[in-house]
Structure formats: C-alpha cells, structure tokens
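Engineer:
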Amino acid sequence: MAIENFEEKVNILEKESKEAIQEASDLARLENIRIKYLGRKGVLNELVKELPDIREGSRARFGHSINFAKDNLERLIDEKSQELKNEFIAEKLEKEKIDITMPGKIFALGHLHPLTKVERRIEDIFQSMGFEIVFGSEIESEYYNFDALNIPKNHPARDLQDTFWLRRGLLLRTHTSPMQARYMEKNNPPLRIIVPGRVFRHEATDASHEIQFHQVEGLMVGEDVSLANLKAVFEEFFKKFFSTRGKKIEVRFRPGYFPFVEPGMEIDIKIASSKWLEVVGAGMVHRKVFKSAGYAPGKQQGFAFGLGLERLAMLYYGINDIRLFYSSDFRFLKQF
Ligand code: DAH
36 MAIENFEEKV
46 NILEKESKEA
56 IQEASDLARL
66 ENIRIKYLGR
76 KGVLNELVKE
86 LPDIREGSRA
96 RFGHSINFAK
106 DNLERLIDEK
116 SQELKNEFIA
126 EKLEKEKIDI
136 TMPGKIFALG
146 HLHPLTKVER
156 RIEDIFQSMG
166 FEIVFGSEIE
176 SEYYNFDALN
186 IPKNHPARDL
196 QDTFWLRRGL
206 LLRTHTSPMQ
216 ARYMEKNNPP
226 LRIIVPGRVF
236 RHEATDASHE
246 IQFHQVEGLM
256 VGEDVSLANL
266 KAVFEEFFKK
276 FFSTRGKKIE
286 VRFRPGYFPF
296 VEPGMEIDIK
306 IASSKWLEVV
316 GAGMVHRKVF
326 KSAGYAPGKQ
336 QGFAFGLGLE
346 RLAMLYYGIN
356 DIRLFYSSDF
366 RFLKQF
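This is the structure in structure tokens:
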C-alpha cells in the first residue's frame, strides 16, 4: 500500500479522535477515548501491524507520522483531563461554598443543675474563708451517724431522723455530720472544713420534705475558736451568698438543740420584708464528740454547722416546692 494512503488513514483517525476528546464531558469518557486510540491494543497500535505492507523506504516516515499522531493525542488528552479536573474542582467549590457571614446554628447546650450551682456558690464562699472541701460516703455506719455524735441508742434524737437501714448495721446517712467524727479522727486541729453531700430520710414527701436532700456540714476547730467566729462566718456567708440578689439580709441566732453541740443554735435569715426562716443548725462542738474523735479533753474548741442546700437554693431562686429539684422537668430546669 502506498504510504500516502497510510498517512491519510492516520490523519482521519487523528481528526476523529480530536473531536471525540473535545466532546468528552467527564474523565471516565476521556479515559475510554485514550484506551481506544492510544491503548496497547488501540487503533494506532493496530495500524502499526500494517507496517510490513509498506515499502521499506517509507517505513521510517510512516513510523514518524504514527508517533507524531500519538504524541499529539497524548497532549490533547492531558490538556482535556486538566480542564475537566479544574471544572470539577470549581464546581465542587461552588457547591460547597460556606457563607461565613451567615448566622450560625445555635445548639442547645446543657447546663448545671440549680442545686449544683448553689453548692458551688457555697463552696466558693467558704473556700474564700479558708475552709477546705471534703466528702464523705452516703453509706455510713450506725456508729458514725449516731454514736460518735453523742446520739445514744434509744435516744429520741434517733427517731427525729427516720433512717433507711441497710444490712449489717449500715445505713444511708441521715446527715453530713458523721464526717465531723471521721475527719477529726484522722486530722489534728486547727482545722476548717465543709462537707457537701446527699443525705436520706425515710419520711413522707411534701413541698418541703424529700427522702433525699443535700446538706453542707461545716466544722472549725482550734484552741480559741469561739461562738463569735461562728457568728462572723455566717454574717459574711449570707452577705456574700445573697449579694447577687441585691436584697437586704438579716441574720438571727436562736438557741436550738442538737446532741452533738453545746450550746446549740438555729440560724435564721430574713430576706427583705419576708418572715424569718430557719436555714442552719449549728453550735459549739460537744466535748463528747471531741472525745470520740480522740482529742485530749479541754484543749480544743470549735463550732459545727449543717445547712440545708435545697432550702438555700429555694430562697435564692424563689422556688416553692423542693420536689421540683428531682422532677427532671425541663420546664423547671431550663430556667436556671
Ligand atoms: N445534722 C443536723 C441535722 O441534720 C444539722 C446540724 C445541726 C449539723 C447542728 C451541725 C450542727 O453540725 O452543729 O439536722
């Protein structure tokens, strides 16, 4: 066959493939075109098989025109491929464009429970007065919950605190006071601690009673800790605690009875023009409590107190039913 005819064939193939490349609308189609023309068994390589039919003198020219066509096609395919990739990226960028000036979505975040907030507030204030925070166990022994606190067996005081009894003389602590005894057994004065925690009473619930509630116990012991210190601490505490409420607070100390203090007292507060409310039990630590803890008689003195966390939280937020704290009711919880 005459070389001119071959060249004509190559020209036609080149033209045809160029058109195909131009029309290719995506990378997969382009790849098919490449395989069809440039692949190992592609159209151009098939043409090479016809080489023996060509006169010897023209073979080099033939080879040259085939290679020229291949190079050309390769280049065109590369260019087209780059073009398609750019288009793809531009399209993707356009689709995924983020408008950073748009207002963000607001996700509902959880927040702390009102009791936790009030507890932390109380902790902060006492810490600022040099008190350390310690924790006790919710399961206590009869000894620490009662005996070590001078609440003898069969004493009516035990009936005041309706107890959830567990097996083997264990119980759910009815107050945080057992940590007074436990702490003093292990630590020497001077000391200043508060003990926040949950306590349990086996009693009917109503707007001001729950079977579980929280107390913050306090204890300050040293050689010259006096009632005056107790008064000063609570004047300061209430002033700070209610400072964000912007209301006038009055504090009153009244005699009260608790077996583990002598003298014992109740601390009442009056917020603005409302009536007096009892919020804290307190007193000077009873010598028998010091004795149980192993302190030498007559050397140390100190005060103890127990405040009701729910009670304070109710006053702070103006809540009238203690049961709301444990209701898991979002309408209630979302207000804090
Ligand atoms: N433990 C008492 C109660 O649960 C409260 C209390 C009163 C604690 C007087 C004290 C205190 O430390 O001195 O009712």
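In terms of our numbering, the sequence shown opens at residue 36 and continues consecutively.
No residue lacks a Cβ here, since even glycine has one placed at the ideal position from N, Cα and C.
1. Taking C-beta to C-beta, are Glu297 and His321 nearer than 7 Å?
2. Please work out which residues of its chain come closer than 7 Å, Cβ to Cβ, to Arg382, disregarding the five sequence neighbours upstream and downstream, and give them in chain order.
3. Measure the C-alpha to C-alpha separation of Met255 and Ser309 and round it to an integer number of angstroms.
4. So, at 8 Å on beta carbons, what are the nonlocal neighbours of Leu65 in its own chain, with the 5 sequence-adjacent residues on each side left out?
5. With distances taken between CB atoms, is the gap from Phe161 to Ile229 smaller than 7 Å?
6. When you measure from the CB of His190 to every non-hydrogen atom of ligand 1, does any distance come out below 6 Å?
7. Check whether the Cβ of Gly316 lies closer than 6 Å to any heavy atom of ligand 1, and answer yes or no.
8. How many angstroms separate the CA atom of Met319 from the CA atom of Glu301?
9. In its own chain, which residues sit with a C-beta less than 7 Å from the C-beta of Arg227, not counting the 5 before and 5 after it?
10. What residue range does the beta strand (DSSP E) around Val315 cover?
11. By alpha-carbon positions, which one of Phe103, His249, Arg94 ends up nearest to Leu73?
12. Take the Cβ of Glu336 as the centre, count every other Cβ of all protein chains shown within 10 Å, and call the residue buried at 16 or more, exposed below.
13. Roughly how many angstroms lie between the CA atoms of Ser100 and Leu108, to the nearest whole one?
14. Where does Val234 sit, in a helix, a strand or coil, going by DSSP?
15. What is the DSSP secondary structure of Met300, counted as helix, strand or coil?
16. Let me check one thing: in DSSP terms, what residues is Arg287 bridge-paired to?
17. Of all the options Phe338, Arg193, Leu82, which has the alpha carbon lying nearest to the alpha carbon of Gly316?
18. According to DSSP, simplified to helix, strand and coil, what is Glu122?
19. Any heavy atom of ligand 1 inside 6 Å of the beta-carbon of His210?
20. Take Phe248 as the anchor and find which of Phe235, Lys105, Leu206 has the nearest alpha-carbon.
21. Going by DSSP, which residues form a beta bridge with Val256?
22. Does the Cβ of Ala183 lie closer than 6 Å to at least one heavy atom of ligand 1?
23. Determine the direct distance from the alpha carbon of His237 to that of Ser163, and round the result to whole angstroms.
24. Are the CB atoms of Glu175 and Arg202 within a distance shorter than 7 Å?
25. Can the beta-carbon of Lys282 be found less than 7 Å from the beta-carbon of Ala307?
26. Taking Ile174 as part of the beta strand (DSSP E), name the residues at either end of that continuous run.
27. Which stretch, first to last residue, makes up the beta strand (DSSP E) that contains Leu205?
28. For the region 347–355 against the region 145–161, do three or more pairs of beta-carbon atoms, one drawn from each stretch, fall closer than 8 Å, so that the two count as touching?
Structural biologist: Reading it off the structure:
1. yes
2. In this structure the chain extends from 36 to 371, so residue 382 is not present and cannot be described.
3. 31 Å
4. Ile56, Ala59, Ile112, Lys115, Ser116, Leu119
5. yes
6. no
7. yes
8. 12 Å
9. Gly165, Phe166, Glu167, Met255
10. 312–320
11. Phe103
12. Strictly speaking, residue 336 in this sequence is Gln, with Glu absent from that position. That one is buried.
13. 12 Å
14. strand
15. strand
16. Asp303
17. Phe338
18. helix
19. yes
20. Phe235
21. Leu226, Gly337
22. no
23. 35 Å
24. no
25. yes
26. 174–176
27. 205–207
28. yes
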